[in-house]
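Protein chains in written order, with UniProt numbering: chain A, 1 to 331; chain B, 1 to 162. Don't be surprised by glycine CBs; every beta carbon is placed ideally from N, CA and C. Note that the structure is predicted; figures quoted are calculated from it, not measured. First up is the structure itself, then whatever we jot down about it.
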Amino acid sequence: MSFFGFGQTAEIDIVLNDAESRKKAEHKTEDGKKDKYFLFYDGETVSGKVNVTLKIPGKRLEHYGIKIEFVGQIELYYDRGNHHEFVSLVKDLARPGELSQSQTFDFDFTHVEKPYESYTGQNVKLRYFLRATISRRLNDISKEMDIVVQTLCTYPEINSSIKMEVGIEDCLHIEFEYNKSKYHLKDVIVGKIYFLLVRIKIKHMEIDIVKRETTGTGPSVYHENDTIAKYEIMDGAPVRGESIPIRLFLAGYELTPTMRDINKKFSVRYYLNLVLIDEEERRYFKQQEITLWRKGDIVRRSMSQQATIAAQRYEGSNSETASARAKEESN
Amino acid sequence: MAEAIADTRRLYTKPQNLSDAYGPPNNFLEIDVSNPETVGVGRNRFTTYEIRLKTNLPIFKLKESRVRRRYSDFEWLRGELERESKVVVPPLPGKALIRQLPFRGDDGIFDDSFIEERRQGLEQFLNKVAGHPLAQNERCLHMFLQDESVDKNYTPSKIRQA
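Structure, rendered in structure tokens:
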């Protein structure tokens, strides 16, 4: 905002209609700080008001149009200029003209699709935001408001355990087992390591959670590995026939759901890395991918909400009876 | 529908065989480098070290062995391992060329404290190397540790177990 001599200028403010009732979620910013933003799910309506406040009383504000946009975009840090917008909705609030006094405009993005979860990573960022803009001759006045989107999943139908025998011929044979292949973010990894053959001198064993963020395509693929957690599960030398239990609570770590090939731009995958260290500090390891997913807290409400949304998306159906039926089913 | 508390009970495990639990471990391997002896006279003197090995690993032909080796034999072993295997071979204790120059106040490379330092370094080196699963596959390591003498004209090969 700049004051050029006697020109009128204004302040824009975006306020959501459900600002009082809507939950906020913490989300890390690019520089590592944590901030709170309004939390939205896929299909929810984003509605509110845009307040335009004139700074200099008495003067008119000439403009070439006032609009509000709802944007979902992917930003690759090494290619900042190109934002890949996968959601882009516009609502015109005012045709080109003049504002003689401060004014408030309503907006409503009904049942807007939010296909991916908000993500801020090492080399890529996916974010959703509202942007209100007053277009002017020399410089636009605009305001952005970030929101956070989380994608929820239901319990996977098939969730097989991971069980494998690995080792080095004649030196070390182990069988490892993890109770599931898909874990939700507050889940517990229950497993065991069974020693079949131990001809090396093991000092201790740990299990690491490794996050791999992959950006780029084709020849310029880049993997960023980050060890989120290191958890010692055994201290000392095991012998044949011994079983070491694993119980790793995921809620204590900063994890996101597994994100596969998001808009063909990036992936975020998680691996369990089982590491055995011998007396000469040699490391023997086995990496295994796991799928992380986000469980919804309140299942009932979203079911009837989703029924309402589904009914409204299909022509000819009676939305009232559909949501009433859904409420009955969930009770 | 949704479980309030996750099931964290341990997975089922087979009970351990008692002889496995209380018997000798399968990874017994002890190597000692000791008894330095300087042989020869004048300019042709050199120091040999006794290498004693005790093990129950099947890859070693002899469960107990005792050989004598000199520093240049260790250098030969290190070179062979670097060339033949993918192992990152640890360094040997220093070559001490300066100690071999004349007009020294002490006994040079036959100085007791130097020999002791070298002995320790050689012992550390062998323990690191002999316990490495990949180095254990090399013929040169077994020849060095258990054969009467080192045949530098040997044919490099990998040990294969039936």
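Inset, instruction - Could you pull out every residue in the same chain whose Cβ sits closer than 7 Å to the Cβ of F129(A), ignoring the five residues on either side in sequence? - result: V71, E144, M145, D146 and I147, listed in sequence order.
Inset, instruction - Determine whether the Cβ of G43(A) lies closer than 7 Å to any Cβ atom of chain B. - result: no
Legend entry - chain B contacts made by the stretch 158-182 of chain A, where a contact means CB separation under 8 Å: I168, D170, C171, L172, E177 and N179
Inset, instruction - Report the option in I74(A), I189(A), L89(A) and N51(A) whose CA atom is closest to the CA atom of T8(B). - result: I189(A)
Legend entry - Option nearest E242(A) by Cα separation, candidates L274(A), Y178(A), V198(A) and F86(A): Selected option, being the one with the closest Cα: V198(A).
Inset, instruction - Could you tell me how far apart the beta carbons of L134(B) and K86(B) are, in whole angstroms, since I believe they sit closer than 8 Å? - result: Correct: roughly 6 Å between the Cβ atoms.
Inset, instruction - Determine, using beta-carbon pairs with one atom in the stretch 103-115 of chain B and one in the stretch 45-62 of chain B, whether at least three such pairs fall under 8 Å. - result: yes
Legend entry - Cβ shell of N159(A) (< 8 Å), same chain only, five flanking positions each side left out: K180, S181 and K182
Legend entry - Euclidean distance between Cα positions of G252(A) and V268(A): 19 Å
Legend entry - CA nearest to the CA of S161(A), picked from I228(A), W293(A) and K192(A): K192(A)
Legend entry - Classification of E11(A) by the beta-carbon crowding that lies within 10 angstroms, buried from 16 upward: exposed
Inset, instruction - Consider the Cβ of G121(B): report whether some Cβ of chain A lies at a distance smaller than 7 Å. - result: For G121(B), no Cβ of chain A is located within less than 7 Å of the residue's own Cβ.
Legend entry - Cβ shell of S88(A) (< 6 Å), same chain only, five flanking positions each side left out: V71
Inset, instruction - Report the rounded CA-to-CA distance for K59(A) versus T53(A), giving the unit in angstroms. - result: Those two C-alpha atoms are separated by around 12 Å.
Legend entry - 8 Å contact criterion, which E175(A) and L196(A) should meet: CB distance rounded: About 6 Å separates the CB atoms of E175(A) and L196(A); that is less than 8 Å, so the two are in contact.
Inset, instruction - Find the nearest neighbour of S220(A) within the set P245(A), L138(A) and D79(A), judged by alpha-carbon distance. - result: D79(A)
Inset, instruction - Going by CA-CA distance only, name the one from K211(A), L250(A) and D92(A) that's closest to A132(A). - result: D92(A)
Legend entry - Amino acids of chain A, ordered along the chain, whose beta-carbon sits closer than 7 Å to that of N17(B): Ordered by position in chain A, the residues that pass the 7 Å Cβ test against N17(B) are G241.
Inset, instruction - Check the DSSP bridge columns for V15(A) and list the partner residues they point to. - result: Looking at the DSSP output, V15(A) sits in a beta bridge with K49(A).
Inset, instruction - Might you give, ordered along the chain, the residues of its own chain that have their beta carbon closer than 6 Å to the beta carbon of L66(A), omitting 5 neighbours on each side? - result: Residue identity check: residue 66(A) is Ile in the sequence provided, not Leu. Answer for I66(A): L93, A94 and I134, listed in chain order.
Inset, instruction - Spell out a yes or no on whether the stretch 24-40 of chain A and the stretch 148-158 of chain A are touching, meaning 3 or more CB-CB pairs, one atom from each, closer than 8 Å. - result: yes
Legend entry - Near-chain B residues of the stretch 198-230 of chain A (beta-carbon distance less than 7 Å), N- to C-terminal order: V198, R199, I200 and K201
Legend entry - Listed by chain order, chain A residues near D32(B) by CB distance under 8 Å: By Cβ distance, chain A contributes nothing, its closest Cβ being about 16 Å from D32(B), past 8 Å.
Inset, instruction - Within 10 angstroms of the Cβ of Y77(A), are there 16 or more other Cβ atoms? Answer buried if so, exposed if not. - result: Exposed is the call here.
Inset, instruction - Taking all protein chains shown into account, decide if I141(A) is buried (16 or more other Cβ within 10 angstroms of its Cβ) or exposed. - result: I141(A) should be labelled buried.
Legend entry - Nonlocal neighbours in the same chain, by C-beta distance under 8 Å from R69(B), ignoring five residues either side: Taken in chain order, the residues that qualify are T48, Y49, I51, F144 and V150.
Legend entry - For D54(B): DSSP bridge partner residues: Here residue 54(B) turns out to be Lys, not Asp, going by the sequence shown. In the DSSP output, where bridge partners are listed per residue, K54(B) has E30(B) and E64(B).
Inset, instruction - Verify whether the separation of the beta carbon atoms of I277(A) and A237(A) is less than 7 Å. - result: no
Inset, instruction - Kindly indicate which residue of P15(B), K95(B) and I59(B) has the alpha-carbon position closest to the one of W76(B). - result: K95(B)
Legend entry - Backbone CA spacing between L57(B) and E117(A) [nearest angstrom]: 53 Å
Inset, instruction - Output the boundary residues of the beta strand (DSSP E) element that contains S192(A). - result: The amino acid occupying residue 192(A) in the given sequence is Lys; Ser does not appear at that position. Looking at the DSSP string, the run of the beta strand (DSSP E) that includes K192(A) is V188 to V198.
Inset, instruction - Pull up the DSSP beta-bridge partners for A25(A), would you. - result: Y37(A)
Inset, instruction - Look at the Cβ atom of N263(A), then the Cβ atom of I74(A), and state whether they are nearer than 7 Å. - result: yes
Inset, instruction - Would you decide whether A130(B) is buried or exposed? Buried here means 16 or more other CB atoms lie within 10 Å of its CB. - result: buried
Legend entry - Residue burial classification, R301(A) (beta-carbon count within 10 angstroms, cutoff 16): Low per-residue confidence applies at R301(A): pLDDT is 43, beneath 50, and the placement is therefore not dependable, though the value from the model is reported in the following sentence. It counts as exposed.
Legend entry - Nearest residue (CA-CA) to G32(A), options E281(A), T120(A) and H223(A): T120(A)
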